[in-house]
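What follows is a set of notes on a single structure, which appears directly below.
There are 2 protein chains.
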Amino acid sequence: MQSTGNKRSSCPSFRLREVASMYFTMLMVFLVILVVALQGTAPRENYFPYKVPLDPQSFLELSWNVSYPEQVVHFQLLVKEPKFGLLFGMSDRGEFENADLAVLWSDGHSSYFGDAWSDEKGQLHMDSQQNYQLLKAHRTPEGLYLVFKRAFSTCDPKDYLIEDGTVHLIYGILEKPVRSLQAINISAIHRGVQRVQLLKPNISAPELPRDMKTMEVRAPDVVIPSQETTYWCYMVELPDSFPRHHIVMYEPVITAGNEAIVHHMEVFQCAAEFDSFPHYNGPCDSKMKPDRLNYCRHVLAAWAMGAQAFYYPEEAGLAFGGPGSSKYLRLEIHYHNPLVFKGRHDSSGIRLYYTATLRRYDAGIMELGLVYTPVMAIPPGEAGFLLKGYCTDKCTQVALPPAGIHIFASQLHTHLTGRKVATILSREGREREVVNADNHYSPHFQEIRMLKKVVSVFPGDVLTTTCMYNTEDRNQATVGGFSITDEMCVNYVHYYPQTQLELCKSAVDLGYLQRYFNLVNRFNDEEICMCPQASIRQQLSSVPWNAFNRDVLKSLYDFAPISMHCNKSSAVRFPGEWEKQPLPRITRVLPESAPSCQPAVGPPPASPALVNLGRVKAE
Amino acid sequence: MQSTGNKRSSCPSFRLREVASMYFTMLMVFLVILVVALQGTAPRENYFPYKVPLDPQSFLELSWNVSYPEQVVHFQLLVKEPKFGLLFGMSDRGEFENADLAVLWSDGHSSYFGDAWSDEKGQLHMDSQQNYQLLKAHRTPEGLYLVFKRAFSTCDPKDYLIEDGTVHLIYGILEKPVRSLQAINISAIHRGVQRVQLLKPNISAPELPRDMKTMEVRAPDVVIPSQETTYWCYMVELPDSFPRHHIVMYEPVITAGNEAIVHHMEVFQCAAEFDSFPHYNGPCDSKMKPDRLNYCRHVLAAWAMGAQAFYYPEEAGLAFGGPGSSKYLRLEIHYHNPLVFKGRHDSSGIRLYYTATLRRYDAGIMELGLVYTPVMAIPPGEAGFLLKGYCTDKCTQVALPPAGIHIFASQLHTHLTGRKVATILSREGREREVVNADNHYSPHFQEIRMLKKVVSVFPGDVLTTTCMYNTEDRNQATVGGFSITDEMCVNYVHYYPQTQLELCKSAVDLGYLQRYFNLVNRFNDEEICMCPQASIRQQLSSVPWNAFNRDVLKSLYDFAPISMHCNKSSAVRFPGEWEKQPLPRITRVLPESAPSCQPAVGPPPASPALVNLGRVKAE
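Sequences listed follow chains Z and V, in order. Read in order, the letters of the first sequence correspond to residues 1 to 619 in this note's numbering. Read in order, the letters of the second sequence correspond to residues 1 to 619 in this note's numbering.
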């Protein structure tokens, strides 16, 4: 080893002293980190408020907690029938390729734990940084418990960044011993995906009123159909002359044993125009279902797997009952039964907590995003095509009270090709804050999410909702519309105080789309029927989708004026001129959030940690 | 402090053991890092092969070395007249806002050193990670020496990423004591910018021939004009019947004292068509300069500040002399004299090393990128507009030998609005490697750069050269052309063995640009003269540059077929059809290089290191 002291004799005293003090400082910093780590993690290892089954049989049960000050998630994984190990991890959309994984594996003698990643072919590699840190591993009569933690953001480019919104969790079960991590054949194991919102908001439940009552809207002993996907519809009737109340909270009621099958549930209120609705109890897509049930679309409550109770803010409640509101409710349950269990009974539903002592404000729901019209279209073969819907300054100016409204929850919505959704608030031409964003949005996991921070919107503000679509598996343009194969771009925002504004959405001006068809015709020497009887859908289907026509459609949407739907109810617009409106001008966008990362302190690169699983018995 | 031991009694023995072993491992890793750090840095602190003056008066002299295994640059800064400290750092294009800085400052009593950053207003802040690490500080009769190091890439998002290509170094001198880092008013200090290629290639000089001769092409005692910018032209004549030689190396010869003023120099060979060229010794833009000097454009040698000697690969040399080559050379020197020194004399130039024993291969220079034509245009007001020039598979198929050619050096070239330039090699539709790339390209710093790795190009390969332009300060379209206010996108690649292919460049098909003008006319209801007498330049100047027209021009360039210049000399094309060629299809791009970062080990955040400057006297 070389010495540094004798290299230059000009200032040995200074350098030695500096070096020594530097290293002492480093050691101190290091020790302080250790102490903080010990202090910080201890209480986090025993309290896991959130829980989901990972697999349809509930063999793997995940619980977790989130520490925002530390920017860390603590996981507790219960393995009910431990075999020779398991994989747990995250990836962009639930793929097993390019995934970030914690792996526990046994060679038959010893067990190992390590942070790994899978490459684009699904081959596993040990991670150069160990960011999943094992904290505990012990057997109990229920099964094997693993407790580990993971920073939201690591300094390792191979790692998944845990963000707000949906996280696609993946798991796999090792049924045979393996020699090494690299020997695991990820495509041959029993495996699956579960979607959750990992970063739950850290909101304390507001105080509930003393005169609170509850009502359970539950399916009455349904025999879950033995098919993968069922949407079950059940009609409920409120008592006659049920007066106006405020819903202040609701929570899921899941029949024990069905936790892994009940995927999501919604309670809708029916339209007040109709005096009565038929009773119905059966699949929503049955031919026996009365058509009138399609008029039960006003969301009262929504729950999806992994979500907890939903609390309204202390000063607001959701009105139901009373004159001018229908006494009919529709419960819709999505049963996800991939293992095709037969004869499983279920009586799950939603428990509403409501009060007759009306709170200060009615809560409202407003629809932001795109109008359901075919003028907003996505070319085929796109990996990530963006559409934007605007709630313009002119509409918020007309429709919002001077004191503004306060958005406290949001439900994002697209159909099958939706991949990302975000709504951003702008004021005076500058983006100010994100209302809600999901970079891993899935149309199969639509929950009402409490916002981490209430967003206030004032007259003159702009709300821009952007949706990203993937149409790589389609060969025709996908247009806006109601059909499940059409697309939507919607954010249902929950806010108070309620206003008359029910819908603040946009679509490109039709005249400009016609200019586009004209342009395509002339530039490509192609024939798109410009005749008046051709529908937009037909015209779009005759566009030859080359790179130029695709790019120019993008440019059109970024440039052409819009038609605004600034509506009191879905038919009645606020007074004003809403056609050929200019696009909102945003001169300054929010900075890309580059979360600071936490380098891992763990075993050196590529060396798994030996785990003692066998010795310790249950108490 | 809380204890973790009594939280869960199920497996205390396991946990304590695990925890203890984990921390011992961490301590060991830590100690190993210390030892490695001590070993690694020692020899790097005394050898600095590269050197530039930072300021025009050479008060600050920077030397440095590069360690690729450690991914670290070691800097030695000589401050000839130390005052109350200085700033040294890097930023995207030499701005003092959003810059990454090492700061030495004195409050009049003590001196401090710290890693800092400036925000968008130029306010200084202490960095949360100390990535500039001070290694030595000592006074000598020459001045104060500071030695510090910096990783190429840090884990701090505020830090500059040191990449290949140009780095804009910034400096500032503190002439008064300051209370704190935050008290430094960056806009009020004496400051400046210097461009260098920091990451010099780590190439060992090839062996030189024994019969090597030298020739100095130098300006004869020029009085440097007392103005900021002068391009000086001087004609040199080779001896009569000077036979064919190979240049194997060249290096700058700078008159002592003018190191900070001689900005760059080039030696051009004149065209062989003319029997004689007038002698000339004067400014290149003088009205007295004979027009014929414009025919001296074939680069023989080029040097820019900070560059070292240029070596040809062992198996190749640049031919000059002999029949078929002009005996006239033109030396061009760019004097950069911002302090407007008067009466400064200079005899700088370039020393050529050449041999009569011809090497195995002639080296050649090939021009890649865009044809000089106004059909390639940049709209006004663009922050980063991209233009691409192609050397297609069809051209390389026709023109390159089966064994391919080997590119060993490259000189990127644009005019005033160029901001980034890159050439990428693709094969079978997939990007394979970067030939040369500069993310901080400056038209004021064009040097021939040795490639870190020789790139071989085979028949059928594609070379795509992309240039990014900033036209935010212009209100008319900028078109391709020869004028300094027009633009170019060129990469002069130096390669061997020499082929007949002198030029492999492209431009959009003229017919498609006419369709674009047509489309703009119809879409915008505007009037662009489509009459045959209007020039492209005139038509472009009548485009109303809104977002749509701008975006559609981009889409056109990404879609329309190209006209290829696959030329033997600037007038003669290789046989074949070169009009309306399809754009090369690239289905797979190179991954974004996310360099792994090195978290700093240094003082805790926001606390500067005290530096002992005053005590130690010179030996």
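Each residue gets a CB set at the ideal place from its N, CA and C atoms; glycine is no exception.
Which residues bound the beta strand (DSSP E) around V:Gly511?
Element bounds for V:Gly511: not the beta strand (DSSP E) but the alpha helix (DSSP H), 510 to 524.
V:Ser180 to V:Asp92 span [Cα, whole Å]:
26 Å
Starting from the beta carbon of Z:Val552, find every residue of chain V whose beta carbon is closer than 7 Å, and list them in chain order.
Simply Val552, Ser555.
Indicate the three-state DSSP secondary structure (helix, strand or coil) for Z:Ser58 in the structure shown.
In this structure, Z:Ser58 counts as coil in the three-state DSSP scheme.
Compile a chain-ordered list of the residues in the stretch 492 to 522 of chain V whose CB is closer than 8 Å to at least one CB of chain Z.
Considering only beta carbons, the part of the stretch 492 to 522 of chain V lying closer than 8 Å to chain Z consists of Arg515, Asn518, Leu519, Arg522, in chain order.
Would you mind giving the Cβ-Cβ distance between V:Pro497 and V:Tyr361, rounded to the nearest angstrom? I have them listed as a contact below 8 Å.
4 Å
Taking only the alpha-carbon atoms, compute the straight-line gap between V:Ala609 and V:Ala102 and give it to the nearest angstrom.
Looking at the two C-alpha atoms, the distance is approximately 12 Å.
When you compare each of V:His415, V:Ser226, V:Tyr469, V:Met126 to V:Met488 by their alpha carbons, which one comes out closest?
V:His415
What is the DSSP secondary structure of Z:Tyr295, counted as helix, strand or coil?
helix
Using CA coordinates, which residue listed in V:Gly85, V:Asp115, V:Ala151, V:Gly192 is at the minimum distance from V:Pro56?
V:Gly192
Counting only the same chain and skipping the five closest in sequence on each side, list residues whose C-beta sits under 7 Å from that of V:Val217.
Val236, Val267, Leu329, Leu331, Gly349, Ile350, Leu352
At a CB distance below 9 Å, what residues from the stretch 456 to 473 of chain Z approach chain V? Give them in sequence order.
none
Beta-carbon neighbours of Z:Asn546, restricted to chain V and to distances below 9 Å:
Per Cβ cutoff of 9 Å: Phe559.
Using the C-alpha atoms, what's the distance from V:Glu592 back to Z:His125?
Between Z:His125 and V:Glu592, the C-alpha separation is close to 20 Å.
Limits of the unbroken alpha helix (DSSP H) element including Z:Ile623:
Here chain Z has residues from 1 to 619 only, and residue 623 of chain Z is not among them.
C-alpha distance - Z:Ser21 paired with V:Gln227, whole-angstrom precision:
With a pLDDT of 49 at Z:Ser21, under the threshold of 50, the modelled position of that residue is not reliable, and no figure is offered here.
Buried versus exposed, by CB contacts within 10 Å (16 or more), V:Ala307
buried
To the nearest whole angstrom, what separates the beta carbons of V:Met249 and V:Tyr312, a pair I think is in contact under 8 Å?
7 Å
How would you write the range of the beta strand (DSSP E) that Z:Lys51 sits in, first residue to last?
First-last of the beta strand (DSSP E) with Z:Lys51: 50 to 53.
At the level of alpha carbons, what is the spacing between Z:Leu104 and Z:Ser187?
17 Å
In whole angstroms, what is the alpha-carbon distance linking Z:His406 and Z:Val454?
6 Å
Close beta carbons around V:Ile378, own chain, < 6 Å, minus the five adjacent residues each side:
Phe385, Tyr469, Thr471, Thr478
When we look at the beta-carbon of V:Ser110 and count the other beta-carbons within 10 Å, is it buried (16 or more) or exposed?
V:Ser110 is exposed by the Cβ-count criterion.
With a threshold of 7 Å (Cβ to nearest heavy atom), would Z:Leu358 be considered close to the ligand NAP?
With respect to the ligand NAP, the structure offers nothing, as it holds no ligand at all.
If distances are taken between C-alpha atoms only, which option among V:Asp107, V:Glu175, V:Phe341 comes closest to V:Val262?
V:Phe341
Pair within 8 Å by beta-carbon distance, Z:Thr166 and Z:Gln133:
no
Counting Cβ pairs, one atom from each stretch, are 3 or more of them under 8 Å apart for the stretch 275 to 290 of chain Z and the stretch 251 to 259 of chain Z?
no
Any idea which residues DSSP pairs V:Trp105 with across the strands?
V:Gly85, V:Tyr112
Can the beta-carbon of Z:Asp461 be found closer than 8 Å to that of Z:Leu425?
yes
Excluding the 5 residues preceding and the 5 following Z:Asn475 in the sequence, name in chain order all residues of the same chain whose CB lies nearer than 7 Å to its CB.
Pro380
V:Glu382 burial status per 10 Å Cβ neighbour count (16 or more: buried)
buried
Supposed contact pair V:Leu400 and V:Pro459 - C-beta distance, whole angstroms, cut 8 Å:
5 Å
Would V:Tyr50 pass as a contact of V:Asn202 if the rule is Cβ separation under 8 Å?
no
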